[in-house]
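*Asks:* Residue numbers (the numbering used here): 8 to 266.
My structure is below; once you've seen it, I'll send some questions.
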């Protein structure tokens with residue numbers, strides 16, 4: 008039954024995404040905020056489908072820590088879920104995405120329409136300068152910037168690998184950074200077919216105010232995100248019917264003293 012539900016959800020999810028992109032193509036002629044409202048509505052419908060077919064619910068903690076103005080949302084990245092799930096929590100977010108993703112038909116066009124932030128190819132310093140310049144423009148529009156500090160999806164419990172982009176943005180842009188921990192990868196594993204029922208938890212942590220030294224900020228961000236991620240892993244693993252845990256999660260639980 009779980010294989011059937013996973014297959015059904017995956018099929019319906021991608022069909023619904025393709026249909027949305029086709030049917031909503033007239034949005035290119037509307038103001039960006041109108042199009043963003045439609046995109047956020049699609050995110051709600053995707054969560055509804057996820058709950059209906061798979062039995063996966065979503066709990067948002069720490070909503071009071073959200074900033075509805077210029078800020079950086081620094082989120083853990085474990086699955087595809089947060090690429091759309093976080094959209095519905097924010098007023099007018101701009102996601103940082105890799106340049107090669109912009110080559111995908113429709114996705115790339117919508118990324119341009121929504122004025123997302125593209126990480127360009129090239130040397131590290133050139134890419135970071137471009138990232139900061141684009142992010143500054145979006146913040147000037149009173150928007151929130153979503154960045155995945157590790158740059159790519161990492162399985163739950165994996166050793167963290169934080170990249171320089173988020174620290175450079177914090178240092179240059181002078182806005183608060185809101186860390187976001189989650190456990191989505193336990194229910195929507197990366198590069199896996201299966202989708203598991205259970206509770207996806209998003210934990211929005213208190214903002215880190217601007218003004219810290221680079222090293223102090225990085226240390227604070229990593230400490231908060233990894234600490235909260237460990238707590239979510241412990242909570243999920245200790246639930247009545249936990250999903251199958253990947254090797255990285257089992258290893259991390261052992262390091263935390265849990266079997």
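Here a beta-carbon is modelled for each residue, glycine too, at the ideal position from N, C-alpha and C.
Since this is a predicted model, take the numbers as computed values, not measurements.
Go to residue 258, then tell me how far its beta strand (DSSP E) extends in each direction, as first and last residue.
*Replies:* Residue 258 -> not in any beta strand (DSSP E); alpha helix (DSSP H) instead, spanning 254-262.
*Asks:* Are the beta-carbon atoms belonging to residue 86 and residue 204 less than 8 angstroms from one another?
*Replies:* no
*Asks:* Quick one: what does DSSP say residue 165 is sitting in, helix, strand or coil?
*Replies:* coil
*Asks:* What first and last residue would you give for the beta strand (DSSP E) that runs through residue 47?
*Replies:* Where residue 47 is concerned, there is no enclosing beta strand (DSSP E), although the alpha helix (DSSP H) it sits in stretches over 39-60.
*Asks:* Could you work out which residue in 166, 98, 254 is closest to residue 149 when comparing CA atoms only?
*Replies:* 98
*Asks:* Who are the Cβ neighbours of residue 54 in its own chain at under 8 angstroms, not counting the five residues just before and after it?
*Replies:* 65, 92, 95
*Asks:* Which stretch, first to last residue, makes up the beta strand (DSSP E) that contains residue 10?
*Replies:* Segment 9-30 is the alpha helix (DSSP H) holding residue 10; no beta strand (DSSP E) there.
*Asks:* So, with DSSP's three-state summary, where would you put residue 98?
*Replies:* coil
*Asks:* Please classify residue 176: is it buried, with 16 or more other beta-carbons within 10 angstroms of its beta-carbon, or exposed?
*Replies:* buried
*Asks:* Between 89, 171, 103, which lies nearest to residue 131 when the distance is taken from Cα to Cα?
*Replies:* 171
*Asks:* What are the start and end residues of each continuous alpha helix (DSSP H) run of 4 or more residues lying completely inside the segment 126-150, in chain order?
*Replies:* 131-147
*Asks:* I want to know whether the segment 64-83 touches the segment 180-196 - three or more CB-CB distances under 8 angstroms.
*Replies:* Yes, the segment 64-83 is in contact with the segment 180-196.
*Asks:* Going by CA-CA distance only, name the one from 163, 233, 67, 36 that's closest to residue 250.
*Replies:* The shortest C-alpha separation from residue 250 is found at 163.
*Asks:* In the DSSP assignment, find the unbroken beta strand (DSSP E) run with residue 68 in it and report its ends.
*Replies:* 63-68
*Asks:* Could you pull the DSSP bridge partners for residue 204 from this structure?
*Replies:* Partner(s): none; residue 204 has no beta bridge.
*Asks:* Would you kindly work out how many angstroms separate the C-alpha atoms of residue 208 and residue 45, rounded to a whole number?
*Replies:* 24 angstroms
*Asks:* Can you check whether the CB of residue 81 is closer than 8 angstroms to the CB of residue 186?
*Replies:* yes
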